[in-house]
Structures are given as C-alpha cells and as structure tokens.
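Add 6 to a position in the sequence shown, counting from 1, and you land on the number used in my numbering.
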Amino acid sequence: MSIVMGVTKWFIGVLLLLFSVALAQGGERRPLLEVQRDDVARIYNVRVEQRNDDRWQLRGRVTRTLRDTKVPQGQIVTVVYNKKGKSLYTLTSDYKPGFVHRKKKRASYFTVRFPDKLDLKNSRIRVYYLGDDGGAKSTTLKRDYP
C-alpha cells in the first residue's frame with residue numbers, strides 16, 4: 007500500500023513539474039499588458055490571445071468609471087512597444103455598442119487584431135481610451151502617447 011502511495015505522489019509531482027515548465031514557456035510568448043486608467047471610461051477584462059491561425063488579438067470591455075458620467079464617443083488606442091521602449095505600432099479600435107450603458111454590469115466590448123508581421127514576443131502593449139472630443143473630460147490626451 008505504501009509503495010502505491012509513493013508512486014502516486016511521485017507521478018503527481020512529475021505532472022506538476024511538467025505543468026509549471028509548460029506554463030512558464032507559454033508566459034514567455036505573451037506580451038506584457040498595461041491598461042491606462044481614465045476618469046471617464048474604465049477599460050477592463052483585457053486579454054491578449056493567440057488565434058488558431060497564429061495571429062494575435064487583444065480583447066476587452068469598456069464601461070463608465072462613474073455611474074453618472076457619460077462616456078463620449080471615442081476609441082481604444084493600443085500602442086505596442088519593444089523591450090527598449092520604442093513604439094513599434096499604434097492601432098485604434100472602436101467599441102461596440104458605441105453607447106456605453108449606465109448600468110453597472112453592462113459594458114461595450116472591443117477587439118484589436120494585430121497584423122501578421124508584428125512580433126509580440128518580449129513586447130509591451132499599452133491600452134488606453136481616447137474620446138473623440140480630444141480627451142477634454144478625460145485624463146488621457148492624444149499628446150500623451152505617440
């Protein structure tokens with residue numbers, strides 16, 4: 007009985023070790039993600055995914071920061087930086103629906119699809135909201151980022 011328990015514990019230990027190595031390898035491929043805070047719109051549930059065709063995409067949701075604050079029409083801006091901090095690529099995306107609902111659990115969603123040529127390994131992605139009014143009510147302005 008003790009031999010069976012010993013073999014079982016050894017087998018579980020080996021599986022955990024293999025799983026942790028596989029998880030560490032997968033983490034190297036994913037870029038570092040930064041979501042910029044804003045006083046008007048809150049971006050959350052942001053994730054970078056690799057699709058079946060090996061293309062990368064970024065998905066997330068937009069809601070109001072405060073219930074009484076209306077979110078003006080705007081865009082989600084995504085800037086990709088390399089390890090040294092140089093801006094490689096800037097993409098914008100609209101969110102759908104364009105009207106951000108005032109209820110707390112309702113939100114709009116967005117998807118940013120990265121081009122094939124862009125290698126996201128060892129990169130950093132910054133995501134922020136930019137209102138169409140130039141960020142008049144927002145803490146994020148167009149001049150703040152490339």
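Yeah, the Cβ is synthetic: ideal placement off N, Cα and C, and Gly gets one too.
Asked	Found
Which runs of the beta strand (DSSP E) at least 3 residues long sit entirely within the segment 52-87? Give them in chain order.	62-70 and 80-87
According to the Cβ coordinates, are Gln56 and Val118 closer than 8 Å?	no
So, with DSSP's three-state summary, where would you put Phe120?	coil
Indicate the three-state DSSP secondary structure (helix, strand or coil) for Met11 in the structure shown.	helix
When burial is assigned at 16 or more other CB atoms within 10 Å of the CB, is Val133 buried or exposed?	buried
Out of Val85, Leu126, Asn88 and Pro78, which one is the CA nearest neighbour of Val46?	Pro78
Give the secondary structure of Val20 by DSSP, where H, G and I count as helix, E and B as strand, and everything else as coil.	helix
Is Lys127 helix, strand or coil when you go by DSSP?	coil
Does the ligand GDP have even one heavy atom less than 7 Å from the beta-carbon of Ser99?	The ligand content of the structure shown is nil, which means the ligand GDP is not present either.
Could you compute how far the alpha carbon of Asp60 sits from the alpha carbon of Arg53?	16 Å
Per the contact definition of three or more C-beta pairs closer than 8 Å, is the segment 9-23 in contact with the segment 98-108?	no
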